[in-house]
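Trainee:
There are 2 protein chains.
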Amino acid sequence: MPTAPSTAPDTPYLTVDLDILERNLQRGAEDARERGLVLRPHAKTHKVPELGRLQLEHGAVGLTLATVSEAEIFADAGFDDIFIAYPVWPSESRAARMRGLAERIALRVGVDSVESAQALGAALQGAPVEVLVEVDSGHHRSGVQPADAGAVAVAAARAGLHVVGVFTFPGHSYTPGGGERAARDEASAISEAAEALISHRIDPTVRSGGSTPSRAGSDSTVLTELRPGVYVFNDAQQVELGTCSFDEVSLTVQATVVSRVGHDVIVDAGSKALGADRAAWATGFGRLPELPDARILALSEHHATVRLPEVETVPELGTMMRIVPNHVCSTVNLADEFFVVRGGAIVDTWEVAARGANS
Amino acid sequence: MPTAPSTAPDTPYLTVDLDILERNLQRGAEDARERGLVLRPHAKTHKVPELGRLQLEHGAVGLTLATVSEAEIFADAGFDDIFIAYPVWPSESRAARMRGLAERIALRVGVDSVESAQALGAALQGAPVEVLVEVDSGHHRSGVQPADAGAVAVAAARAGLHVVGVFTFPGHSYTPGGGERAARDEASAISEAAEALISHRIDPTVRSGGSTPSRAGSDSTVLTELRPGVYVFNDAQQVELGTCSFDEVSLTVQATVVSRVGHDVIVDAGSKALGADRAAWATGFGRLPELPDARILALSEHHATVRLPEVETVPELGTMMRIVPNHVCSTVNLADEFFVVRGGAIVDTWEVAARGANS
Numbered sequence: 001m002p003t004a005p006s007t008a009p010d011t012p013y014l015t016v017d018l019d020i021l022e023r024n025l026q027r028g029a030e031d032a033r034e035r036g037l038v039l040r041p042h043a044k045t046h047k048v049p050e051l052g053r054l055q056l057e058h059g060a061v062g063l064t065l066a067t068v069s070e071a072e073i074f075a076d077a078g079f080d081d082i083f084i085a086y087p088v089w090p091s092e093s094r095a096a097r098m099r100g101l102a103e104r105i106a107l108r109v110g111v112d113s114v115e116s117a118q119a120l121g122a123a124l125q126g127a128p129v130e131v132l133v134e135v136d137s138g139h140h141r142s143g144v145q146p147a148d149a150g151a152v153a154v155a156a157a158r159a160g161l162h163v164v165g166v167f168t169f170p171g172h173s174y175t176p177g178g179g180e181r182a183a184r185d186e187a188s189a190i191s192e193a194a195e196a197l198i199s200h201r202i203d204p205t206v207r208s209g210g211s212t213p214s215r216a217g218s219d220s221t222v223l224t225e226l227r228p229g230v231y232v233f234n235d236a237q238q239v240e241l242g243t244c245s246f247d248e249v250s251l252t253v254q255a256t257v258v259s260r261v262g263h264d265v266i267v268d269a270g271s272k273a274l275g276a277d278r279a280a281w282a283t284g285f286g287r288l289p290e291l292p293d294a295r296i297l298a299l300s301e302h303h304a305t306v307r308l309p310e311v312e313t314v315p316e317l318g319t320m321m322r323i324v325p326n327h328v329c330s331t332v333n334l335a336d337e338f339f340v341v342r343g344g345a346i347v348d349t350w351e352v353a354a355r356g357a358n359s
Numbered sequence: 001m002p003t004a005p006s007t008a009p010d011t012p013y014l015t016v017d018l019d020i021l022e023r024n025l026q027r028g029a030e031d032a033r034e035r036g037l038v039l040r041p042h043a044k045t046h047k048v049p050e051l052g053r054l055q056l057e058h059g060a061v062g063l064t065l066a067t068v069s070e071a072e073i074f075a076d077a078g079f080d081d082i083f084i085a086y087p088v089w090p091s092e093s094r095a096a097r098m099r100g101l102a103e104r105i106a107l108r109v110g111v112d113s114v115e116s117a118q119a120l121g122a123a124l125q126g127a128p129v130e131v132l133v134e135v136d137s138g139h140h141r142s143g144v145q146p147a148d149a150g151a152v153a154v155a156a157a158r159a160g161l162h163v164v165g166v167f168t169f170p171g172h173s174y175t176p177g178g179g180e181r182a183a184r185d186e187a188s189a190i191s192e193a194a195e196a197l198i199s200h201r202i203d204p205t206v207r208s209g210g211s212t213p214s215r216a217g218s219d220s221t222v223l224t225e226l227r228p229g230v231y232v233f234n235d236a237q238q239v240e241l242g243t244c245s246f247d248e249v250s251l252t253v254q255a256t257v258v259s260r261v262g263h264d265v266i267v268d269a270g271s272k273a274l275g276a277d278r279a280a281w282a283t284g285f286g287r288l289p290e291l292p293d294a295r296i297l298a299l300s301e302h303h304a305t306v307r308l309p310e311v312e313t314v315p316e317l318g319t320m321m322r323i324v325p326n327h328v329c330s331t332v333n334l335a336d337e338f339f340v341v342r343g344g345a346i347v348d349t350w351e352v353a354a355r356g357a358n359s
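Chains as they are written, first to last, in the UniProt record's numbering: chain A, 1 to 359; chain B, 1 to 359.
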């Protein structure tokens with residue numbers, strides 16, 4: 001465990017406000033509990049075992065992760081119930097790693113085709129891995145069409161896998177006004193896929209969905225489980241989608257003004273600190289909670305160009321500024337650690353233990 | 001030093017083809033030498049001391065870096081001549097770190113305002129740090145207007161700094177057809193700034209410029225030094241700008257097909273492996289050298305959606321595919337190591353020693 005530094009490091013660096021984080025954890029847990037849904041948050045957002053433990057303390061039943069290597073790191077840290085929400089391809093070495101994981105934790109993985117179900121069944125050699133069929137609910141990434149979920153489930157069962165249900169990521173919620181529609185699509189797709197499993201006499205016990213922008217609309221008469229990730233930190237995308245306010249953003253990047261031209265300032269947090277994510281509908285490359293009308297017009301690796309409103313006084317060189325990154329999952333994956341703050345003081349540092357764990 | 005693995009790891013991972021890398025190193029060195037320019041390559045692109053040593057072996061006089069922490073890591077690895085091409089803000093702790101560096105290596109840094117020159121002079125307390133005035137040649141990021149370079153140089157000299165010249169980054173070369181114009185702007189801005197220094201009796205011994213897309217046009221009657229970075233690896237941006245061919249791309253990301261829908265395949269290298277950079281003029285989120293007409297239409301953290309031309313056979317699940325990332329500096333900064341390949345076999349691994357060194 002790293003120890004808390006007595007002073008802040010040089011910019012740029014990440015801080016997490018513990019009070020806001022705890023409110024976000026609590027709200028996420030209450031939202032799920034009130035609607036009778038199980039919470040299995042996606043820990044790819046934070047990659048930090050300490051934070052995963054806080055999620056379990058707030059009632060999460062287990063964690064969701066994106067890769068086998070993330071799952072290995074969390075298993076090493078003591079987590080014993082993990083869903084890899086990805087159509088994991090069982091290459092020889094990756095299959096061996098999955099069998100190793102299945103010996104020590106309760107492991108679930110996704111499949112999204114007859115071929116991958118057959119390959120996975122053969123590669124896992126009877127290891128006790130539960131399988132969920134991934135369904136495309138409108139994001140059009142991985143996932144089968146709902147009507148085809150039955151065929152995939154049957155192939156998986158015939159290949160010796162234990163099929164426990166279906167899941168989807170309604171990622172088309174990431175567009176202005178898209179949350180409600182994505183939630184309706186999620187309910188429709190999961191419902192149809194669950195029926196398809198039932199028609200093949202496979203019980204869809206787990207019906208898993210959820211994303212931070214759509215979770216308010218997730219249909220608890222259809223789903224059993226939610227997997228939001230970003231809700232613990234929030235970010236500029238969530239602010240601009242209307243999912244949260246700046247007061248609900250717990251993670252920010254601390255930066256320093258290094259240059260000034262007119263009403264533009266350059267700060268030292270560029271794409272290597274903030275991440276380069278920018279959706280078509282985003283107003284810039286991040287936001288400044290203290291200057292809500294400022295916009296980050298341009299981003300280089302170590303420069304962010306912030307345009308201030310004409311009415312603002314241009315800050316002096318050396319001034320510290322807080323930036324809310326566009327997509328916090330990418331931001332965290334650039335950092336080796338972040339600084340945990342309570343009441344403005346650094347009280348702890350958390351290592352981003354699963355940073356870069358893509359395989 | 002990491003030892004070479006006998007087999008490849010699970011995807012996604014980065015490989016560097018040593019033959020292509022050496023040709024790129026040689027060409028970059030020859031380009032500069034033939035035109036009488038000193039080569040001081042930007043090592044923020046690769047962050048690898050082994051590769052920096054190859055650059056010195058090919059005739060580079062020293063390295064360029066972007067941050068004090070990168071410079072510390074390279075100084076620890078034995079590099080003794082480093083230019084931090086950035087208007088470094090001398091906070092108390094960062095100034096102390098710069099003074100520490102100046103005790104053990106030849107250190108240059110940038111300044112781009114009277115205020116930062118004064119602050120830097122006061123903070124460095126007479127440490128032997130050389131200073132270059134940063135000039136805006138049209139990229140409109142940091143840097144003073146050329147005519148103002150004299151005033152900044154005078155302020156720096158009065159603050160006790162040793163001003164040795166001027167530099168610019170003609171980053172507006174990163175647009176189709178922009179390389180030649182950016183090189184002309186670079187020559188014009190550096191020429192005017194150098195005159196401004198001379199008019200204040202400060203000798204602009206070092207006149208530094210260069211970017212990979214503009215370097216072919218850099219004016220050797222004006223400049224003394226080039227600082228390209230990307231040329232060692234190249235990337236999809238360079239291919240699409242016409243700066244290089246696929247055969248000159250030395251770094252690629254190895255990925256696996258995990259899902260298929262029609263003529264789209266999903267591979268397991270997403271934004272956390274490739275980086276999310278996408279210029280407005282880019283045709284997608286990266287390119288596939290073996291399938292030059294394919295396009296990466298969408299990128300999630302662990303998914304890239306590749307649209308294949310109708311004439312192509314859709315590859316089987318589990319097929320390995322090579323991806324050229326859009327912006328290799330961002331890609332490298334996501335990885336802890338890369339695998340060095342010669343003749344298709346992994347012969348070494350290089351740690352990305354300065355990964356995440358943003359401060």
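We put the beta carbon where it would ideally sit given N, CA and C, even for glycine.
Model, not experiment: these values are computed from the prediction.
To the nearest angstrom, how far is it from the Cα of A:Asp264 to the Cα of B:Ala147?
Mentor: For A:Asp264 and B:Ala147, the distance between alpha carbons rounds to 20 angstroms.
Trainee: Show which residues of chain A have a CB atom less than 9 angstroms away from the CB atom of B:Asn234.
Mentor: Here the premise fails: no neighbours, minimum Cβ distance about 17 angstroms.
Trainee: So within the segment 33-83 of chain B, which uninterrupted beta strand (DSSP E) runs reach at least 3 residues, ignoring any that extend past its ends?
Mentor: As far as the segment 33-83 of chain B is concerned, its whole beta strand (DSSP E) runs of at least 3 residues are 63-65.
Trainee: Please report the distance separating the alpha-carbon of A:Met1 from that of A:Trp350.
Mentor: Note that A:Met1 scores 37 on pLDDT, short of 50, meaning its location in the model is unreliable and no value can be drawn from it.
Trainee: Find the residues of chain B that neighbour A:Leu317, judging by a C-beta separation of less than 8 angstroms, and give them in chain order.
Mentor: Chain B residues near A:Leu317: Trp89, Ser113, Glu115, Ser116, Ala119.
Trainee: Rounding to the nearest angstrom, what Cα-Cα distance links A:Ala354 and A:Gly229 in this structure?
Mentor: If you take the alpha carbons of A:Ala354 and A:Gly229, they lie about 15 angstroms apart.
Trainee: For B:Gln26, name the three-state secondary structure that DSSP assigns.
Mentor: Helix.
Trainee: If you draw a straight line from the alpha carbon of B:Ser188 to that of B:Ala32, how long is it in whole angstroms?
Mentor: Whole-angstrom Cα-Cα distance: 19 angstroms.
Trainee: So, under 8 angstroms CB-CB, A:Val232 and A:Leu51 are touching, yes? Tell me the CB distance rounded to an integer number of Å.
Mentor: The pair is a contact, with the Cβ atoms about 7 angstroms apart (cut-off 8 angstroms).
Trainee: Listing by chain order, which chain B residues have their CB less than 7 angstroms from the CB of A:Thr67?
Mentor: His302, listed in chain order.
Trainee: Alpha carbon to alpha carbon, what distance is there between B:Ile73 and B:Ser93?
Mentor: Each residue's Cα considered, the two are about 17 angstroms apart.
Trainee: Would a C-beta distance cut-off of 9 angstroms place A:Val267 and A:Thr256 closer than the cut-off?
Mentor: Against a cut-off of 9 angstroms, the Cβ pair of A:Thr256 and A:Val267 comes out as a contact.
Trainee: So B:Arg307 and B:Leu297 are in contact, right, with Cβ under 8 angstroms, and what is the actual spacing, rounded?
Mentor: The Cβ separation is near 5 angstroms, so the contact holds.
Trainee: Under 9 angstroms, Cβ to Cβ, is there at least one residue of chain B near A:Ser214?
Mentor: Answer no: the Cβ-Cβ gap between A:Ser214 and chain B never drops below 9 angstroms.
Trainee: If we require 4 or more residues per run, which alpha helix (DSSP H) segments fall completely within the UniProt domain "D-serine dehydratase-like" (250-342) of chain A?
Mentor: Counting whole runs of 4 or more residues, the UniProt domain "D-serine dehydratase-like" (250-342) of chain A contains the alpha helix (DSSP H) stretches 271-274, 328-332.
Trainee: Counting only Cβ pairs nearer than 7 angstroms, list the residues of chain A close to B:Asp348.
Mentor: By Cβ distance, chain A contributes nothing, its closest Cβ being about 19 angstroms from B:Asp348, past 7 angstroms.
Trainee: Where DSSP assigns a beta bridge to A:Phe167, which residues make up the other side?
Mentor: The partner list for A:Phe167 (beta bridge, DSSP) reads A:Glu134, A:Ser208.
Trainee: Could you check how far apart the C-beta atoms of A:Ala236 and A:Asn326 are, in whole angstroms? I think they sit under 8 angstroms.
Mentor: Confirmed, about 5 angstroms.
Trainee: Taking A:Thr11 as the query, report the chain B residues whose CB atoms sit under 9 angstroms from its CB, ordered along the chain.
Mentor: Near A:Thr11 (Cβ distances below 9 angstroms), the residues of chain B are Trp89, Ser91, Arg94, Asn358, Ser359.
Trainee: Would you mind reading off the limits of the alpha helix (DSSP H) that contains B:Arg227?
Mentor: Note, B:Arg227: premise wrong, no alpha helix (DSSP H); not H, not E.
Trainee: Quick check on B:Arg227: buried or exposed, where buried means 16 or more other Cβ atoms within 10 Å of its Cβ?
Mentor: It is buried - the Cβ of B:Arg227 has at least 16 other Cβ atoms within 10 Å.
Trainee: DSSP state of B:Thr3, grouped into three classes?
Mentor: In this prediction, B:Thr3 scores a pLDDT of 45, lower than 50, which makes its location untrustworthy; the coordinate-derived value is nonetheless stated afterwards. It is coil, neither helix nor strand.
Trainee: Could you say if the segment 12-22 of chain A and the segment 326-340 of chain A meet the contact criterion of at least three C-beta pairs nearer than 8 angstroms?
Mentor: As far as the Cβ criterion goes, the segment 12-22 of chain A touches the segment 326-340 of chain A, which means the pair count is three or higher.
Trainee: A:Ser330 touches chain B at which residues, Cβ-Cβ below 8 angstroms?
Mentor: Within chain B, the residues near A:Ser330 are Ser271, Lys272, Ala276, Glu301.
Trainee: Counting only C-beta atoms, is A:Glu137 closer than 9 angstroms to chain B at any point?
Mentor: Correcting the residue identity first, residue 137 of chain A is Ser in this sequence and not Glu. So, not an interface residue.
Trainee: Any beta-carbon of chain A closer than 9 angstroms to the one on B:Ser208?
Mentor: It does not; no Cβ of chain A falls within 9 angstroms.
Trainee: Which residues, in order along the segment 237-267 of chain A, keep a beta-carbon less than 8 angstroms from a beta-carbon of chain B?
Mentor: Residues Thr256, Val257, Val258, Ser259, Arg260, Val261, Ile266.
Trainee: From this set, B:Met98, B:Ala77, B:Glu290, which residue's C-alpha is nearest B:Pro128's C-alpha?
Mentor: Nearest C-alpha to B:Pro128: B:Met98.
Trainee: Any beta carbon of chain A sitting closer than 9 angstroms to that of B:Gly158?
Mentor: Reading off the sequence shown, one finds Arg at residue 158 of chain B, where the question assumed Gly. It does not; no Cβ of chain A falls within 9 angstroms.
Trainee: Going by the C-beta, is A:Ala182 closer than 8 angstroms to any heavy atom of the ligand MN?
Mentor: Absence of the ligand MN is noted for the structure shown, with no ligands found whatsoever.
Trainee: Let me check understanding here. Comparing Cα to Cα, which of B:Ser300, B:Pro292, B:Ile323 lies closest to B:Val311?
Mentor: Of the listed residues, the one whose Cα sits closest to B:Val311 is B:Pro292.
Trainee: With H, G and I counted as helix, E and B as strand and the rest as coil, what does DSSP make of residue 367 of chain B?
Mentor: Residue 367 of chain B falls outside the range modelled here, since chain B spans only 1 to 359, and no answer is possible.
Trainee: Given A:Ala159, which residues of its chain have a CB within under 6 angstroms of its CB, disregarding the five upstream and five downstream residues?
Mentor: Counting only Cβ-Cβ distances below 6 angstroms, and skipping sequence neighbours, we find Ala117, Gln118, Gly121.
Trainee: Does the count of Cβ pairs from the segment 107-114 of chain B and the segment 270-289 of chain A closer than 8 angstroms reach three?
Mentor: No contact exists between the segment 107-114 of chain B and the segment 270-289 of chain A.
Trainee: So that I know if they touch, is there some Cβ in chain B lying closer than 9 angstroms to that of A:His46?
Mentor: Cβ-Cβ to chain B under 9 angstroms: no for A:His46.
Trainee: With a cut-off of 8 angstroms on the beta carbons, I'd call B:Val61 and B:Val38 a contact; round off their distance for me.
Mentor: With a Cβ gap of about 5 angstroms, B:Val61 and B:Val38 count as contacting.
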